[in-house]
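Peer 1: Would you mind keeping the following structure in view while I ask a few things?
There are 2 protein chains.
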Amino acid sequence: MARKNKTRTALLGILSLGPKSGYDIKKFCDENFAFFWTENYAQIYPTLKQLEEEGLLCKETETRPGNPPRNVYYITDTGRAELNEWLLLPNDPMVFRSELLLKMRFSQDVPISNLIEKLEKARYVYQNDYQAFTERLIDLHLTEIAEHREKPDVHLVMAICKLAERMIKTSIEWYDETIEMLKERTSDSQDKG
Amino acid sequence: MARKNKTRTALLGILSLGPKSGYDIKKFCDENFAFFWTENYAQIYPTLKQLEEEGLLCKETETRPGNPPRNVYYITDTGRAELNEWLLLPNDPMVFRSELLLKMRFSQDVPISNLIEKLEKARYVYQNDYQAFTERLIDLHLTEIAEHREKPDVHLVMAICKLAERMIKTSIEWYDETIEMLKERTSDSQDKG
DNA sequence: ATGCACATGTAAGCTGTTACATGATTTC
DNA sequence: GAAATCATGTAACAGCTTACATGTGCAT
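Following this line, the structure appears as structure tokens:
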């Protein structure tokens, strides 16, 4: 019963890229996966503890001058085994959830200006995301050229960034078009009325 | 504490389009909102009951020959008021969640063929969705022309379908490109090895 | 006979969010 | 002095999914 805990395997995956603290993991998620994955502290810390108890991770407490002590977690061989098992399993279908689209469907009787505001606000956020991904992709290209060699996973990271960039671009174009359509309708009805 | 119940307002919204049974609501969601919203019976039935108790909906039991009895719910004025309040409120940011992209990021050491399989499977599902949306958009256009008039919300429905169609198209193109890239890398490493 | 569509519900229990709690250090 | 960053956690509770439970009518 109840769905499978994805945080477990997400943490194993992130830690398979290198040892990290709970704080690092959150940051890593926000900076790299925000487009398609999020985790929060209230999930991360208890899960790390649990994974350590199960022997999938091991903990080392680091003290660095001028910083609070950190609990850094390393993935164990057992952890890597569970990760690889999960990687081969079929994945859940992607989930896209938009409260804005839902509201839009029911908004025929609310002031259009309100809907336009919502769309503009969402579009603004996307604009920043789009720039971030574009810059990220350029960085990846430049790093690759500068280092005269490929890191083993650079093509995977780039593919993921490309999808994010294009989805966001598609969204922005749709937002602009839809905002314009709604504005035209507003002025039309004002002309008539 | 704990997040806001979105099912309540989703049901109010759907019932604002016309009276429906719990079964109808589920079907309506699956057929119209699946791209960005889902509901399931275990959420729908208790929520309908609760909304009725609060006076936001009213129930009528319908018996039709050859069919099991249905509980059809109508939205009340109080219900409409709560719906309109919610429509004006700022919405949560959209959520996109993809276990496939997450796995992809960690898949540098698993057989590429396994990743390709996953991508091809996902792409196949999208292909069907894409065709469905394309046909749906054509239908909406034709209906509009045939009826020589616009229903008040047709432009909203069409906008939503357009976004879905384009997002799916963008995804399919990315899947194809990514699958090809991975296949090339597989044959490259075979040439070298 | 088998499966699909119609039709309504409940129980269990993990998941995930929000809020709370605490404190050092650096930067403006 | 205020704000941001670094850093780790817990409590409470609503939300959401999965599985279970039950039954009719129609089509192949």
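Protein sequences, first through last, are from chains A and B. Quick note: the first sequence uses my numbering, first residue 1, plus one each step. Quick note: the second sequence uses my numbering, first residue 1001, plus one each step. For glycine and all other residues, C-beta sits at the position ideal for the given N, C-alpha and C. Computed from a predicted model, the values in this text were never measured in an experiment.
For a contact meaning CB atoms closer than 9 Å, what does N114 of chain A contact in chain B?
Peer 2: Ordered by position in chain B, the residues that pass the 9 Å Cβ test against N114 of chain A are L1087 and L1088.
Peer 1: Is T63 of chain A buried or exposed, if buried means 16 or more other CB atoms sit within 10 Å of its CB?
Peer 2: Classification of T63 of chain A: exposed, given that the 10 Å Cβ count is below 16.
Peer 1: Counting only Cβ pairs nearer than 7 Å, list the residues of chain A close to D1092 of chain B.
Peer 2: By Cβ distance, chain A contributes E99.
Peer 1: Between the segment 100 to 134 of chain A and chain B, which residues of the former have CB atoms less than 8 Å from a CB of the latter, in chain order?
Peer 2: Within the segment 100 to 134 of chain A, the residues whose Cβ lies closer than 8 Å to some Cβ of chain B are L100, L101, L102, K103, M104, R105, F106, S107, Q108, D109, V110, N114, K118, K121, A122 and V125, listed in chain order.
Peer 1: Label S1189 of chain B either buried or exposed according to how many other C-beta atoms from any shown protein chain fall within 10 Å of its C-beta, with 16 as the threshold for buried.
Peer 2: Exposed, since its Cβ has fewer than 16 Cβ neighbours within 10 Å.
Peer 1: Consider the Cβ of W1174 of chain B: report whether some Cβ of chain A lies at a distance smaller than 8 Å.
Peer 2: Yes, its Cβ sits closer than 8 Å to a Cβ of chain A.
Peer 1: Quick one: Cα of E150 of chain A to Cα of F1035 of chain B, how far?
Peer 2: Near 37 Å, if we compare the C-alpha coordinates of F1035 of chain B and E150 of chain A.
Peer 1: Quick one: give me the first and last residue of the alpha helix (DSSP H) that F1028 of chain B is part of.
Peer 2: Note, F1028 of chain B: alpha helix (DSSP H), G1022 to F1028.
Peer 1: State the start and end residues of the unbroken beta strand (DSSP E) segment that holds K59 of chain A.
Peer 2: Looking at the DSSP string, the run of the beta strand (DSSP E) that includes K59 of chain A is L57 to E62.
Peer 1: What runs of the beta strand (DSSP E), each 3 residues or longer, lie entirely inside the segment 89 to 142 of chain A?
Peer 2: Taking only runs of at least 3 residues, the beta strand (DSSP E) segments lying wholly in the segment 89 to 142 of chain A are 95 to 97.
Peer 1: Taking all protein chains shown into account, do 16 or more other C-beta atoms lie within 10 angstroms of the C-beta of G1079 of chain B, making it buried, or fewer, making it exposed?
Peer 2: Answer is buried; the Cβ neighbour count reaches 16.
Peer 1: Is the separation between the beta-carbon of K20 of chain A and that of F28 of chain A shorter than 8 Å?
Peer 2: Closer than 8 Å, so yes.
Peer 1: Please confirm whether any heavy atom of the ligand ZN lies closer than 7 Å to the CB of K169 of chain A.
Peer 2: With respect to the ligand ZN, the structure offers nothing, as it holds no ligand at all.
Peer 1: Output yes or no for whether 8 Å exceeds the beta carbon distance between L102 of chain A and G1013 of chain B.
Peer 2: Yes, Cβ-Cβ distance for L102 of chain A and G1013 of chain B is below 8 Å.
Peer 1: Using a Cβ-Cβ cut-off of 8 Å (strictly less than) and excluding sequence neighbours within five positions of Y1130 of chain B, which residues of its own chain qualify?
Peer 2: Cβ within range, chain order: E1165, I1168, K1169 and I1172.
Peer 1: Buried or exposed, going by whether 16 or more other CB atoms sit within 10 Å of the CB of G193 of chain A?
Peer 2: Low local confidence applies: a pLDDT of 48 at G193 of chain A is under 50, so the model's placement there is unreliable, and no value is given.
Peer 1: Using Cβ-Cβ distances below 8 Å, what residues of the segment 1146 to 1165 of chain B are close to chain A?
Peer 2: Listed by position along the chain: P1152, D1153, H1155, L1156, V1157, A1159, I1160, K1162 and L1163.
Peer 1: In this structure, does DSSP put R3 of chain A in helix, strand or coil?
Peer 2: Note: R3 of chain A maps to coil in three-state DSSP.
Peer 1: Quick check on the burial criterion: 16 or more other C-beta atoms within 10 angstroms. Buried or exposed for S1200 of chain B?
Peer 2: An answer regarding residue 1200 of chain B cannot be provided, because it is not within the stretch 1001 to 1193 covered by chain B.
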